[in-house]
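A short write-up of the structure that comes next.
Following this line, the structure appears as structure tokens:
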């Protein structure tokens, strides 16, 4: 089975632009989470979606938004990009059948975003 | 708020030596604990997790971790290091408080270096 896939792998944008990152979960997984990983730090939680509904939101500004589609794929949108948004953006999927706290999350390889 | 501390941003051991990566979390309430590994240019992969039951948890690739509630610790060990273990290791915790706004809180990571 294919793992979590993310596109694009790399992206270069300039300040003020908008970006859309895409994620396809493992087949059968209904929950998708997004994380930001700045170089040298651990991942920071941005959003979790389950069955197309937002179930969790981290401490990120409203410039960050996401959605989940009927096929459970997901998009992360970031508006008005800042230099500090440069990071690796990770998507993770999980089955979502049980308690979310114990679900194993399966990560994609990430999208490396550079903001100039 | 929950936080995770990983002692040592870099740990260097000789091939064949014991690996010990330290993780402490801040809250004394019930938690679930995870260790993930990240190889260069790859996503995060689950090594092991503690949810309930036995406090010594065995994971993949010969790693294990022991949950010590009194010490709020979840240190990762492997008896004999291999060159292939060189990677970055992340400890993460989730609160057992239901499924509302579920999120994983991550440590900053420890880069494991294996000397020949």
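Protein chains in written order, with my numbering: chain W, 964 to 1079; chain V, 438 to 553.
Ideal placement from N, C-alpha and C gives every residue a C-beta, glycine not left out.
Between 974/W, 1073/W, 1036/W, 1056/W, which lies nearest to residue 540/V when the distance is taken from Cα to Cα? For the purposes of this step, residue 540/V is taken as the residue at position 103 of the second chain. Comparing Cα-Cα distances from residue 540/V to each of 974/W, 1073/W, 1036/W, 1056/W, the minimum goes to 1056/W.
Going along chain W in order, which residues have a C-beta closer than 7 Å to the C-beta of residue 543/V? Residue 543/V sits at position 106 when you count from the first residue of the second chain. Within chain W, the residues near residue 543/V are 1005, 1006.
Buried versus exposed call for residue 486/V [16 or more other C-beta atoms within 10 Å across all chains shown]: In the second chain, counting from the first residue as 1, residue 486/V sits at position 49. Buried.
Measure the C-alpha to C-alpha separation of residue 529/V and residue 512/V and round it to an integer number of angstroms. On the second chain, position 92 is the one that residue 529/V refers to. On the second chain, position 75 is the one that residue 512/V refers to. Taken atom to atom, the span from the alpha-carbon of residue 529/V to that of residue 512/V is near 12 Å.
If we ignore side chains and look at the alpha-carbon of each, how far apart do residue 461/V and residue 505/V end up? For this step, residue 461/V is matched to residue 24 along the second chain. For this step, residue 505/V is matched to residue 68 along the second chain. In a straight line, the C-alpha of residue 461/V is about 10 Å away from that of residue 505/V.
Beta strand (DSSP E) segment containing residue 486/V, residue limits: Position 49 of the second chain, counted from the first residue, corresponds to residue 486/V. Residue 486/V -> beta strand (DSSP E) spans 481-487.
Between 520/V, 531/V, 458/V, which has its C-alpha nearest residue 471/V's C-alpha? One-based indexing of the second chain puts residue 471/V at position 34. Comparing alpha carbon positions, the residue from 520/V, 531/V, 458/V closest to residue 471/V is 531/V.
Which residues bound the beta strand (DSSP E) around residue 473/V? Taking the first residue of the second chain as 1, we reach residue 473/V at position 36. That run of the beta strand (DSSP E) goes 468-475.
Could you tell me if residue 992/W is buried or exposed, where buried requires 16 or more neighbouring beta carbons within 10 angstroms of its beta carbon? Within the first chain, numbered from 1, the residue matching residue 992/W stands at position 29. Around the beta carbon of residue 992/W, 16 or more other beta carbons sit within 10 angstroms, so the residue counts as buried.
Using a Cβ-Cβ distance cut-off of 7 Å, determine whether residue 1067/W contacts chain V. If you number the first chain from 1, residue 1067/W lands on position 104. Chain V has a Cβ within less than 7 Å of the Cβ of residue 1067/W.
For residue 1002/W, go through chain V and note every residue whose CB falls closer than 7 Å to its CB, in chain order. Working through the first chain from its first residue, we reach residue 1002/W at position 39. Listed by position along chain V, the residues whose Cβ is nearer than 7 Å to that of residue 1002/W form an empty set, because the closest Cβ is around 11 Å away.
Can you find a C-beta in chain V that's less than 7 Å from the C-beta of residue 1024/W? One-based indexing of the first chain puts residue 1024/W at position 61. No, no contact with chain V.
With contact counted as at least three CB pairs below 8 Å, one residue from each stretch, are the stretch 1065-1073 of chain W and the stretch 1009-1024 of chain W in contact? They do not touch, by the three-pair rule.
Amino acids of chain W, ordered along the chain, whose beta-carbon sits closer than 7 Å to that of residue 488/V: In the second chain, the residue the question calls residue 488/V occupies position 51. Within 7 Å Cβ-Cβ: 1065.
Interface residues of the stretch 1015-1049 of chain W facing chain V [CB-CB below 9 Å]: Taking 9 Å as the upper bound on Cβ-Cβ separation, chain V lies near residues 1018, 1019, 1020, 1021 of the stretch 1015-1049 of chain W.
In this structure, how does DSSP classify residue 499/V when only helix, strand and coil are distinguished? The count along the second chain starts at 1 and reaches residue 499/V at position 62. Helix.
Would you call the stretch 996-1010 of chain W and the stretch 1035-1048 of chain W touching, i.e. three or more CB-CB distances under 8 Å? As far as the Cβ criterion goes, the stretch 996-1010 of chain W touches the stretch 1035-1048 of chain W, which means the pair count is three or higher.
Are the beta-carbon atoms belonging to residue 463/V and residue 440/V less than 7 Å from one another? For the purposes of this step, residue 463/V is taken as the residue at position 26 of the second chain. For the purposes of this step, residue 440/V is taken as the residue at position 3 of the second chain. In this structure, residue 440/V lies closer than 7 Å to residue 463/V by Cβ.
When you check each C-beta in the stretch 502-531 of chain V against every C-beta of chain W, which residues fall closer than 8 Å? Taking 8 Å as the cut-off between beta carbons, the residues of the stretch 502-531 of chain V near chain W are 527, 529, 531, in sequence order.
Just list the residues that DSSP pairs residue 1031/W with in beta bridges. On the first chain, residue 1031/W is found 68 positions in, with the first residue counted as 1. BP columns for residue 1031/W point to 1037/W.
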